[in-house]
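Accompanying notes for the structure given below.
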Amino acid sequence: MKKTLFALSIFLVSSLHAAPSMEYYKLIVYHFSSNEQEKKLDNFIANQFIPALHLKGFKQVGVFKPIANDTANDKQIVLLINGANLNRLIEPIQWNIKEGTAFNEPLYKRYEQILLRAFKDMPLMKIPNDASKKVERIYELRNYESPTEEKYLNKVHMFNEGGEIKLFNELQFNAVFYADVLFGSTMPNLMYMTSFDNIDSRNEHWKAFGASKTWKELVAMPFYQNNMSALYSQLMRSTPYSDY
Numbered sequence: 000m001k002k003t004l005f006a007l008s009i010f011l012v013s014s015l016h017a018a019p020s021m022e023y024y025k026l027i028v029y030h031f032s033s034n035e036q037e038k039k040l041d042n043f044i045a046n047q048f049i050p051a052l053h054l055k056g057f058k059q060v061g062v063f064k065p066i067a068n069d070t071a072n073d074k075q076i077v078l079l080i081n082g083a084n085l086n087r088l089i090e091p092i093q094w095n096i097k098e099g100t101a102f103n104e105p106l107y108k109r110y111e112q113i114l115l116r117a118f119k120d121m122p123l124m125k126i127p128n129d130a131s132k133k134v135e136r137i138y139e140l141r142n143y144e145s146p147t148e149e150k151y152l153n154k155v156h157m158f159n160e161g162g163e164i165k166l167f168n169e170l171q172f173n174a175v176f177y178a179d180v181l182f183g184s185t186m187p188n189l190m191y192m193t194s195f196d197n198i199d200s201r202n203e204h205w206k207a208f209g210a211s212k213t214w215k216e217l218v219a220m221p222f223y224q225n226n227m228s229a230l231y232s233q234l235m236r237s238t239p240y241s242d243y
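For the sequence shown, counting from 1, position 227 maps to 226 in numbering that gives the first Met the number 0; every step adds exactly one.
Written out as structure tokens, the structure is:
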């Protein structure tokens, strides 16, 4: 009996400390238009929001700016937060904003939140760990929309059972995550993020992907036809205050 209780206690302790089997992600996209707003947002995110997230146990917060911000009218800052506990991930963060709170001096035009669930073939986020390449590293965030829920599930199947994720891995796309969008403004859709040492590396990887015999056979399969209605891609770099 004692041996049984001891074994049970070991199991319970190990379960509490076991690695999560699957993660959820939250993307927060701030939209702004002026350099003044960008400065205030940088200050707010770096000195208030990220420390608050760290206190809640989110130790790896990614913060990115699209390369297109330089010329875009609608500029963005994108935050990526990951966690195994969905309730903790969607809980509101409380903070005090000491400047830019007046109605005529807003920090941003608006912000949106997107909640995602990791694909089964990549259940946990993989963060690039070579800090020396942070300045030049390119992150590509892709959004694939489908015309119907049925076609969306077909596209998800293509990534998992169909082997699209496997092909990305073979070609060393250095994926950060692949995920279902559970709540967002362009559903039904999936999103994923890959990383590259620089823009030339990104272009070379996609050239290899397009030329791949495996991809040509996969995309030609009748089963996977017409499962996408739109594709959006953002090339981004992490901010100096991003955790990676």
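Here a beta-carbon is modelled for each residue, glycine too, at the ideal position from N, C-alpha and C.
So what's residue i in DSSP terms, helix, strand or just coil?
| i | result |
| --- | --- |
| Arg252 | There is simply no residue 252 to check, as the chain begins at 0 and stops at 243 in what is shown. |
| Ser237 | strand |
| Asn86 | helix |
| Asn72 | coil |
| Leu189 | strand |
| Tyr107 | coil |
| Asn34 | helix |
| Phe195 | strand |
| Thr147 | coil |
| Ser20 | coil |
| Ile66 | helix |
| Asn159 | coil |
| Phe43 | helix |
| Asn153 | helix |
| Asn225 | coil |
So, at 8 Å on beta carbons, what are the nonlocal neighbours of residue i in its own chain, with the 5 sequence-adjacent residues on each side left out?
| i | result |
| --- | --- |
| Val155 | Phe118, Asp179, Leu189 |
| Gln171 | His204 |
| Met121 | Ile164, Ala174, Phe176, Tyr177 |
| Glu139 | Met192, Thr193, Ser194, Phe195, Arg201, Ser232, Gln233, Leu234, Met235 |
| Leu217 | Met157, Gly161, Gly162, Glu163, Leu166, Tyr223 |
| Ser32 | Asn72, Asp73, Lys74, Lys108 |
Considering only residues of the same chain and omitting the five flanking positions on each side of residue i, which have a CB-CB separation below 6 Å?
| i | result |
| --- | --- |
| Pro65 | Gln75, Gln233, Met235 |
| Thr244 | Outside the shown range of the chain (0 to 243) lies residue 244, about which nothing can therefore be said. |
| Ser151 | Per the sequence presented here, residue 151 reads as Tyr, with Ser not at that position. Cβ within range, chain order: Ser145, Pro187. |
| Ala207 | Leu170 |
| Ser241 | Gly61, Val62 |
| Asn225 | none |
| Leu85 | Tyr23 |
| Ala229 | Glu144 |
In terms of DSSP beta bridges, what is residue i paired with?
| i | result |
| --- | --- |
| Gly61 | Leu79 |
| Val180 | Leu115 |
| Ile27 | Leu78, Gln112 |
| Met124 | According to DSSP, Met124 bridges with nothing at all. |
| Tyr231 | Asn142 |
| Ala207 | Ala207 pairs with nothing; no bridge assigned. |
| Ala174 | Thr193 |
Mind checking which residues open and close the alpha helix (DSSP H) that includes residue i?
| i | result |
| --- | --- |
| Ile164 | 163-169 |
| Ile49 | 49-54 |
| Met220 | Counting along the chain, Met220 falls outside any alpha helix (DSSP H), and DSSP gives it neither H nor E. |
Going by beta-carbon coordinates alone, are residue i and residue j separated by less than 9 Å?
| i | j | result |
| --- | --- | --- |
| Leu78 | Lys25 | yes |
| Gln36 | Leu88 | no |
| Ile137 | Ser184 | no |
| Phe48 | Gly82 | no |
| Ile44 | Glu111 | no |
| Ile126 | Phe182 | no |
| Arg116 | Met21 | yes |
Closer than 7 Å by C-beta to residue i: which residues in its own chain qualify, once you throw out the five before and the five after it? Chain order, please.
| i | result |
| --- | --- |
| Tyr191 | Arg141, Ala174, Phe176, Tyr177, Ala178 |
| Asn159 | Phe118, Lys119, Asp120 |
| Ile198 | Ile137 |
| Tyr243 | Gln59, Gly61, Ile126, Pro127, Ser237 |
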